[in-house]
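Numbering (the numbering used here), first residue to last: 3 to 235. Encoded as structure tokens, the structure appears first; notes follow it.
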């Protein structure tokens with residue numbers, strides 16, 4: 003992106019309007035509906051939901067930043083995780099409710115290279131029109147060539163299980179407890195992978211990230227408690 007500018011030439015509204023103008027047709031053709039209120043595109047598949055939520059950061063007067071998160075919500079995975087959180091609240095009513103009920107969360111940066119969560123580019127910085135044109139063109143390519151086709155192949159629990167198996171460690175590398183819980187839940191539900199082996203590797207990686215101050219102890223505790231919950235089912 004061109005950063006040789008001393009002043010910001012665009013507003014967030016300009017970026018949002020142009021983005022929808024360019025990608026709207028592709029998203030609509032794939033069955034996604036635009037939610038203008040929170041600038042997201044959603045597609046319902048029965049009780050399941052797939053969402054692309056766009057993130058706009060206003061860093062005026064320096065720049066604006068744009069990214070997206072792709073979320074897969076499988077109803078069976080959601081129900082299992084919801085049961086866990088209800089169980090936790092029953093044990094400790096003072097414990098805050100948790101909304102980590104998605105099945106998979108992937109960000110723009112996860113699509114920038116072949117390996118998930120290996121890219122340092124997590125968003126696009128925008129100052130002027132040239133930056134905007136280049137960023138939106140890249141986003142359109144990622145959506146059309148990688149992200150939407152991936153959504154098409156993540157419509158049920160078995161396909162989600164194959165995804166997590168294809169990218170071992172990706173749930174921990176995402177540093178997202180939601181993904182880690184989903185990895186374990188889906189493993190338990192499908193019964194094809196060894197959940198004890200998965201959990202052991204996951205906790206080892208989580209402990210390392212805690213030592214490196216990339217994660218907090220609370221995440222490890224939640225993963226441990228969720229694994230114990232799954233073992234009792």
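Glycine residues also receive a C-beta, built at the ideal position from the N, C-alpha and C atoms.
Cβ separation of residue i and residue j, assumed to be a contact under 8 Å, to the nearest whole Å
{"i": "residue 125", "j": "residue 110", "result": "6 Å"}
{"i": "residue 128", "j": "residue 65", "result": "6 Å"}
{"i": "residue 78", "j": "residue 159", "result": "6 Å"}
{"i": "residue 205", "j": "residue 187", "result": "With 8 Å as the limit, residue 205 and residue 187 do not qualify as a contact, their Cβ atoms being about 16 Å apart."}
{"i": "residue 56", "j": "residue 70", "result": "5 Å"}
{"i": "residue 104", "j": "residue 74", "result": "7 Å"}
{"i": "residue 26", "j": "residue 36", "result": "6 Å"}
Endpoints, the beta strand (DSSP E) within which residue i is located
{"i": "residue 169", "result": "Careful: residue 169 lies outside any beta strand (DSSP E) and carries neither H nor E."}
{"i": "residue 57", "result": "50–61"}
{"i": "residue 71", "result": "65–75"}
{"i": "residue 107", "result": "106–109"}
Cross-strand partners of residue i (DSSP beta bridge)
{"i": "residue 37", "result": "42"}
{"i": "residue 128", "result": "66"}
{"i": "residue 162", "result": "In the DSSP output, where bridge partners are listed per residue, residue 162 has none listed."}
{"i": "residue 298", "result": "Outside the shown range of the chain (3 to 235) lies residue 298, about which nothing can therefore be said."}
Unbroken alpha helix (DSSP H) run spanning residue i, endpoints
{"i": "residue 205", "result": "197–213"}
{"i": "residue 19", "result": "14–31"}
{"i": "residue 156", "result": "First-last for residue 156: undefined, no H or E at that position."}
{"i": "residue 190", "result": "179–192"}
{"i": "residue 232", "result": "219–233"}
Nearest residue (CA-CA) to residue i, options the options
{"i": "residue 1", "options": "24, 13 and 80", "result": "Residue 1 cannot be examined here, being either before or after the span of the chain that is shown, 3 to 235."}
{"i": "residue 228", "options": "210, 209 and 190", "result": "190"}
{"i": "residue 172", "options": "107, 53, 216 and 145", "result": "107"}
{"i": "residue 162", "options": "146, 36, 181 and 145", "result": "181"}
{"i": "residue 170", "options": "18, 83, 196 and 87", "result": "196"}
{"i": "residue 150", "options": "21, 43 and 175", "result": "43"}
{"i": "residue 112", "options": "141, 88, 131 and 85", "result": "141"}
{"i": "residue 194", "options": "175, 165 and 144", "result": "165"}
{"i": "residue 192", "options": "174, 167 and 39", "result": "167"}
{"i": "residue 198", "options": "209, 185 and 38", "result": "185"}
{"i": "residue 207", "options": "226, 72, 175 and 51", "result": "175"}
{"i": "residue 45", "options": "32, 20 and 16", "result": "32"}
Residue i at chain D interface by Cβ criterion, 7 Å
{"i": "residue 19", "result": "Looking at the structure shown, chain D is missing, and only one protein chain is on hand."}
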